[in-house]
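In full-length UniProt numbering, the protein residues as written are 1 to 239.
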């Protein structure tokens, strides 16, 4: 298994924040640990930088001077699948859900510890791992096909674009097809061992997967909620 990297073999991190001191501190810490670092002080510059040099992970502040961070997430998600870790002083849960719903993969509240952020970056990059020689199955349903080796989901209309976190969640469920997966297990598998109670993350991402994969998201056939417990994947339409 190998992680997608840029031209010189180092993982590339795009840091987007209008605080020059924070950008400098993050740049020093990331470069010390072997990352390539790009930075931007506003949303428009971030989109332009990302378009020129596709990053492996984006660190994004929501409070930018020109665009709201959620707008930047929407802009990136139109074509960029790199994991997005949001940094923000906003503690309102609705803001967190809005960022996650727009396509962010993780949310870190300021002030934060550098070790915690670095751990979140490592987790985000692990989610974006590209398989090499490992043999994994193809799971076919009446409405879509999941190719675990190629990390692709296709329908009769073509490929379905998933964010890294959407893919990670779907992959866990598909690998446990027909079996109940507890919420805590899903959170720790997808977001890391420090997670276990953030069930709102699961609600947001399962809803996104249903919108992309289910014929009728309000009446899911494949991504099933086990109320108060977790979720399970049904590989064939039971009706």
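Virtual Cβ for every residue (Gly too), placed ideally from N, Cα, C.
Only a predicted model underlies this, so the values are computations on that prediction, with no experimental measurement involved.
### Message
Check this for me: beta carbons of residue 50 and residue 35, under 8 Å apart or not?
### Response
No. Outside cutoff.
#### Entry: Short Cβ contact (8 Å threshold) for residue 234 with residue 222
Taking 8 Å as the cut-off, the Cβ atoms of residue 234 and residue 222 count as close.
### Query
To which residues of the same chain is residue 238 closer than 6 Å at the C-beta, ignoring the five residues directly before and after it?
Note on residue 238: pLDDT 47, under 50, position unreliable in the model; the coordinate value appears next. Apart from sequence neighbours up to five positions away, no residue of its chain approaches residue 238 with a beta-carbon distance below 6 Å.
### Message
So the candidates are 122, 172, 124 and 123; which of them puts its Cα closest to the Cα of residue 146?
### Response
It is 172 whose Cα lies nearest to the Cα of residue 146.
### Query
Between the beta-carbon of residue 104 and the beta-carbon of residue 73, is there less than 8 Å?
Contact flag set, yes.
### Message
Cutting at 6 Å between CB atoms, please list the residues of its own chain near residue 43, excluding the five before and the five after it.
### Response
Taking residue 43 as the centre and dropping the five residues before and after it, the same chain places the C-beta of 64, 66, 67 and 72 closer than 6 Å to its C-beta, in chain order.
#### Entry: Secondary structure of residue 216, DSSP reduced to three states
Residue 216 carries a coil assignment under DSSP once its states are collapsed to helix, strand and coil.
### Query
If you draw a straight line from the C-alpha of residue 132 to the C-alpha of residue 151, how long is it?
With a pLDDT of only 41 at residue 132, under the threshold of 50, the placement of this residue in the model should not be trusted, and no figure is reported.
### Message
Please return the same chain residues whose Cβ sits closer than 8 Å to the Cβ of residue 23, not counting the five positions on each side in sequence.
### Response
Only residues of its own chain outside the window of five on either side were considered, and among them 15, 17, 39 and 41 have a CB closer than 8 Å to the CB of residue 23, listed in chain order.
### Task
Kindly list the residues whose CB is nearer than 7 Å to the CB of residue 217, restricted to its own chain and excluding five residues on each side of it in sequence; keep chain order.
Excluding positions up to five away in sequence, the list reads 210 and 211.
### Own chain residues within Cβ distance below 8 Å of residue 225, not counting five before or after
Closer than 8 Å at the Cβ level, and outside the excluded window around residue 225, lie 206 and 231.
### Message
Please report the distance separating the alpha-carbon of residue 87 from that of residue 168.
### Response
One C-alpha to the other measures close to 21 Å.
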